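**Student:** Sequence lines, in order, name chains A and B.
Its first residue numbered 1, the first sequence is counted upward by one per residue in the numbering used here.
Its first residue numbered 1001, the second sequence is counted upward by one per residue in the numbering used here.
Before I ask anything, let me first share the structure, which is written out below as structure tokens.
Number of protein chains: 2
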Amino acid sequence: MPYVPLNDSDASLLVKSLIDDGLLVDESSAKGRLLKASAELFKSKGYDKTTVRDIANQVGIQSGSIFHHYASKQAILCAVMEQAIILNMARLRLALSLNETLKEQLHALILSELQAIILDNGIAMAVLVYEWRSLENENKQKILELRDEYEQIWLDILTQAHHQQLINTTPMVLRKLLTGAISWTTNWYKPHGELSIDELAEMTLALAINNNLKN
Amino acid sequence: MPYVPLNDSDASLLVKSLIDDGLLVDESSAKGRLLKASAELFKSKGYDKTTVRDIANQVGIQSGSIFHHYASKQAILCAVMEQAIILNMARLRLALSLNETLKEQLHALILSELQAIILDNGIAMAVLVYEWRSLENENKQKILELRDEYEQIWLDILTQAHHQQLINTTPMVLRKLLTGAISWTTNWYKPHGELSIDELAEMTLALAINNNLKN
DNA sequence: TAACAAACCAAGCACTTGCTTAGTTTGTTG
DNA sequence: CAACAAACTAAGCAAGTGCTTGGTTTGTTA
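Here is the structure:
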């Protein structure tokens, strides 16, 4: 059974249902445009170097107007991260549901997370990973709960894979190593180069699985 | 032939010779204390959130006194990164020279880099990795030359390993994935927990090498 | 079209930032 | 001990920061 990817129409429907449920902010709304501009700036310049004037400029409003939508710059960061997890957690679960064997499910996790951090819709994911320390304590707690839920999806699959001897490494350690490897791609991978995201996902999968055995 | 580690006395001698050659700043000098304090703050708070007053406080001097030693806060960041590369490049080369087979040499690279980013002497290494975008263009160019030299050490070994089919992945891609996996450890690994750095290095090595073959 | 709320503007306040400057202390060397 | 340089202090400036405030515009609904 070959790996079943997540297609665009599935993904688009998923986003719509999340918006309808009030879990995700519509990108075309005022808040949505603000969040998108903020995420882009946070990723390219970093949270600290991004000023509320930068954000306002990008959106095309005055800096003071931002605080009509969010109480503080910190609240924007928090919202960006929350949106990133909610969207990508749903994507992960959908991708998992399309595949049956553990190897394919692991493949799905790796590819989904690569896409999340590399592609356009995933700028926010890079912010989540690399601006963690800019989160103030109270917000950190809140996002941590979502993040734990996200990590549990990974750990479930990896634990099963470990029992089946599909992987040799302790699930927790392998997850940490993969987190680093995957999130770092945001610093070097260029989407329109020689290496496709699919190929990169396969290479990463090959590292993770125990190729002593025939799987 | 088992893997030969780098012992403390070798490492200590290496540092002394680098200081004598004027390549490394002595930690006990005024400049050295300033660099160490800066590196620690840059790592824990980030470059942007670290003020010159923070640094001065840590060292025990007035904020203005800093500029007797370095022309700007940016120059301190640059010096921290330069020192990190110079020290760890020398450590890498020494560790390589102690081992003969490719597998052991790859082991040496992975362990050295893990130590560099986890242990005390390597706080600066974490700064190098995670504060890259805080470097201004001119400095970035300067550090990039050293960094390329450092990366070449890795690529040489990985290319040979690829020819010997010790590894299956393209050397460049494998290096990027390992960079991410190794540098990310700074965010989760606790030196005095259950997992030793040596074990972590072996697990990472196991992922990298092609275990279809007997090596 | 009246009433209202969401979205936004224009101006600026209080504070922090990196860095400067003029002068003092400390340590070293002929 | 005289001479000098390295290391440091004390005070503060100019620019930039997040955020506030009082008011205006825009869009929607009864």
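All C-beta atoms, glycine included, are put in the ideal place defined by N, C-alpha and C.
All values reported here derive from a predicted model rather than from experimental measurement.
Show which residues of chain B have a CB atom less than 9 Å away from the CB atom of K140 (chain A).
**Tutor:** On the first sequence, position 140 is the one that residue 140 (chain A) refers to. Correct list: empty, because the minimum Cβ distance to chain B is about 14 Å.
**Student:** Apply the 10 Å Cβ neighbour rule to A208 (chain A) and answer buried if 16 or more other Cβ atoms are within range, or exposed otherwise.
**Tutor:** Position 208 of the first sequence holds residue 208 (chain A). It counts as buried.
**Student:** Beta-carbon within less than 7 Å of I123 (chain A)'s beta-carbon, same chain only, minus the 5 sequence neighbours each way: which residues are those?
**Tutor:** Taking the first sequence and counting its residues from 1, the one referred to as residue 123 (chain A) is at position 123. Closer than 7 Å at Cβ, skipping near neighbours: A39, E40, K43.
**Student:** In this structure, does DSSP put L166 (chain A) in helix, strand or coil?
**Tutor:** As a working note, residue 166 (chain A) is residue 166 in the first sequence. Coil.
**Student:** Only counting runs of 4 or more residues, tell me where the alpha helix (DSSP H) segments fall wholly within the stretch 116 to 177 of chain A, in order along the chain.
**Tutor:** Whole alpha helix (DSSP H) segments, 4+ residues: 123 to 130, 137 to 163.
**Student:** Report buried or exposed for Q115 (chain A), applying the criterion of at least 16 other Cβ atoms within 10 angstroms of its Cβ.
**Tutor:** Locating residue 115 (chain A) in the first sequence gives position 115, where the first residue counts as 1. Per the 10 Å Cβ criterion, buried.
**Student:** Using a Cβ-Cβ cut-off of less than 7 Å, give me the residues of the stretch 1013 to 1047 of chain B that come near chain A, in sequence order.
**Tutor:** Those residues of the stretch 1013 to 1047 of chain B that come within reach of chain A (Cβ to Cβ, closer than 7 Å) are G1046.
**Student:** Run down chain B in chain order and give the residues with a C-beta less than 7 Å from the C-beta of T179 (chain A).
**Tutor:** By 1-based counting over the first sequence, the position of residue 179 (chain A) is 179. The answer, in chain order, is W1184.
**Student:** Quick check on T1051 (chain B): does DSSP put it in helix, strand or coil?
**Tutor:** For the purposes of this step, residue 1051 (chain B) is identified with residue 51 of the second sequence, where counting begins at 1. The answer is coil: DSSP assigns T1051 (chain B) none of H, G, I, E or B.
**Student:** Determine, using beta carbons only, whether L146 (chain A) and E82 (chain A) come nearer to each other than 8 Å.
**Tutor:** For the purposes of this step, residue 146 (chain A) is identified with residue 146 of the first sequence, where counting begins at 1. For the purposes of this step, residue 82 (chain A) is identified with residue 82 of the first sequence, where counting begins at 1. Going by C-beta atoms, L146 (chain A) is nearer than 8 Å to E82 (chain A).
**Student:** For the alpha helix (DSSP H) containing N26 (chain A), list its first residue and its last residue.
**Tutor:** As a first step, residue 26 (chain A) is located in the first sequence; it is residue number 26 there, counting from the start. A small correction: the amino acid at residue 26 (chain A) is Asp; Asn does not occupy that position in the sequence shown. Here D26 (chain A) belongs to no alpha helix (DSSP H), and DSSP marks it neither H nor E.
**Student:** With a threshold of 7 Å on Cβ separation, who are the neighbours of L1174 (chain B) within its own chain once the five nearest residues in sequence on each side are excluded?
**Tutor:** Mapped onto the second sequence, residue 1174 (chain B) falls at position 174. The answer, listed in chain order, is L1158, I1167, A1208.
**Student:** What residues of chain A sit near K1103 (chain B), judged by a beta carbon separation below 7 Å?
**Tutor:** Working through the second sequence from its first residue, we reach residue 1103 (chain B) at position 103. Neighbours of K1103 (chain B) on chain A: none; closest Cβ ~16 Å, over 7 Å.
**Student:** Let me know the secondary structure DSSP gives E1282 (chain B) once reduced to three states.
**Tutor:** In the structure as shown, chain B begins at 1001 and stops at 1215. Residue 1282 (chain B) is therefore absent and cannot be evaluated.
**Student:** Exposed or buried, N1099 (chain B), counting other C-beta atoms within 10 Å across all chains shown (16 or more means buried)?
**Tutor:** Against the second sequence, residue 1099 (chain B) aligns to sequence position 99. Flag for N1099 (chain B) reads buried.
**Student:** Classify G1180 (chain B): buried if its beta carbon has 16 or more other beta carbons within 10 angstroms, exposed otherwise.
**Tutor:** On the second sequence, residue 1180 (chain B) is found 180 positions in, with the first residue counted as 1. That one is buried.
**Student:** From this set, A:L200, A:S17, A:Q62, which residue's C-alpha is nearest T1170 (chain B)'s C-alpha?
**Tutor:** To locate residue 1170 (chain B), count along the second sequence from 1; it is residue 170. Nearest C-alpha to T1170 (chain B): A:L200.
**Student:** Where does the unbroken alpha helix (DSSP H) through A79 (chain A) begin, and where does it stop?
**Tutor:** By 1-based counting over the first sequence, the position of residue 79 (chain A) is 79. 73 to 97 is the extent of the alpha helix (DSSP H) around A79 (chain A).
**Student:** Do Q1074 (chain B) and N1139 (chain B) have their C-beta atoms within less than 8 Å of each other?
**Tutor:** Against the second sequence, residue 1074 (chain B) aligns to sequence position 74. Against the second sequence, residue 1139 (chain B) aligns to sequence position 139. The answer is yes: Cβ separation under 8 Å.
**Student:** Report the rounded CA-to-CA distance for N1210 (chain B) versus L1178 (chain B), giving the unit in angstroms.
**Tutor:** Sequence index remark: in the second sequence, residue 1210 (chain B) carries index 210 (1-based). Sequence index remark: in the second sequence, residue 1178 (chain B) carries index 178 (1-based). Distance between the alpha carbons of N1210 (chain B) and L1178 (chain B): 15 Å.
**Student:** Look at the alpha carbon of L109 (chain A) and the alpha carbon of K1016 (chain B), and state the distance between them as a whole number of angstroms.
**Tutor:** Mapped onto the first sequence, residue 109 (chain A) falls at position 109. Mapped onto the second sequence, residue 1016 (chain B) falls at position 16. Approximately 47 Å between the Cα atoms of the pair.
**Student:** Classify N215 (chain A) as helix, strand or coil using the three-state DSSP reduction.
**Tutor:** The residue you call residue 215 (chain A) lines up with position 215 of the first sequence. Here the model assigns N215 (chain A) a pLDDT of 40, short of 50, so the residue's position is not dependable, and the following value carries that caveat. Coil at N215 (chain A), not helix or strand.
**Student:** Starting from the C-beta of T1050 (chain B), find all residues in its chain whose C-beta is less than 6 Å away, skip the five residues before and the five after it, and write them out in chain order.
**Tutor:** Along the second sequence, read from residue 1 onward, the residue named residue 1050 (chain B) stands at position 50. Excluding residues within five positions, the ones whose Cβ falls inside 6 Å are L1041, F1042.
**Student:** Kindly indicate which three-state DSSP category L1006 (chain B) falls into: helix, strand or coil?
**Tutor:** Locating residue 1006 (chain B) in the second sequence gives position 6, where the first residue counts as 1. Of the three classes helix, strand and coil, the one that applies to L1006 (chain B) here is coil, per DSSP.
**Student:** Can you tell me whether G60 (chain A) is helix, strand or coil according to DSSP?
**Tutor:** Position 60 of the first sequence, counted from the start, is the residue given in the question as residue 60 (chain A). In the structure shown, G60 (chain A) sits in coil (DSSP, three-state: anything other than H, G, I, E or B).
**Student:** I need the straight-line Cα distance from P2 (chain A) to E27 (chain A), nearest angstrom please.
**Tutor:** The sequence position of residue 2 (chain A) within the first sequence is 2, counting from 1. The sequence position of residue 27 (chain A) within the first sequence is 27, counting from 1. So the two alpha carbons sit approximately 34 Å from each other.
**Student:** Would you decide whether T101 (chain A) is buried or exposed? Buried here means 16 or more other CB atoms lie within 10 Å of its CB.
**Tutor:** Position 101 of the first sequence, counted from the start, is the residue given in the question as residue 101 (chain A). Classification for T101 (chain A): exposed.
**Student:** Buried or exposed for N1088 (chain B), please, with buried defined as at least 16 other CB atoms from any protein chain shown within 10 angstroms of its CB.
**Tutor:** Residue 1088 (chain B) sits at position 88 when you count from the first residue of the second sequence. Looking at its Cβ environment, which holds 16 or more other Cβ atoms inside 10 Å, N1088 (chain B) is buried.
**Student:** Using the beta-carbon count (16 or more within 10 Å), is Q165 (chain A) buried or exposed?
**Tutor:** For the purposes of this step, residue 165 (chain A) is taken as residue 165 along the first sequence, with counting starting at 1. Q165 (chain A) comes out exposed.
**Student:** Grouping DSSP H, G and I as helix and E and B as strand, with all else coil, what is E1100 (chain B)?
**Tutor:** Here residue 1100 (chain B) corresponds to residue number 100 of the second sequence, with the count starting at 1. Three-state result, E1100 (chain B): coil.
**Student:** Do you know how far the Cα of I76 (chain A) is from the Cα of K1176 (chain B)?
**Tutor:** Mapped onto the second sequence, residue 1176 (chain B) falls at position 176. Mapped onto the first sequence, residue 76 (chain A) falls at position 76. Cα to Cα, the separation comes out at about 31 Å.
**Student:** Measure the C-alpha to C-alpha separation of R53 (chain A) and V59 (chain A) and round it to an integer number of angstroms.
**Tutor:** Your numbering for residue 53 (chain A) matches position 53 in the first sequence. Your numbering for residue 59 (chain A) matches position 59 in the first sequence. About 10 Å.
**Student:** For N210 (chain A), does the three-state DSSP call read helix, strand or coil?
**Tutor:** Counting from one through the first sequence, the residue named residue 210 (chain A) turns up at place 210. Three-state result, N210 (chain A): coil.
**Student:** Chain A partners of N1088 (chain B), CB-CB under 7 Å?
**Tutor:** Start at 1 with the first residue of the second sequence, and residue 1088 (chain B) comes out as number 88. None at all; the shortest Cβ gap to chain A is about 18 Å.
**Student:** Does L1207 (chain B) get closer than 8 Å to chain A when you measure Cβ to Cβ?
**Tutor:** Residue numbering aside, residue 1207 (chain B) sits at position 207 when the second sequence is read from its first letter. Yes, because at least one Cβ of chain A sits closer than 8 Å to the Cβ of L1207 (chain B).
**Student:** Under 8 Å between the Cβ atoms of I1153 (chain B) and R1093 (chain B)?
**Tutor:** Within the second sequence, residue 1153 (chain B) is the residue found at index 153, counting from 1. Within the second sequence, residue 1093 (chain B) is the residue found at index 93, counting from 1. Yes, these two residues count as a Cβ contact at 8 Å.
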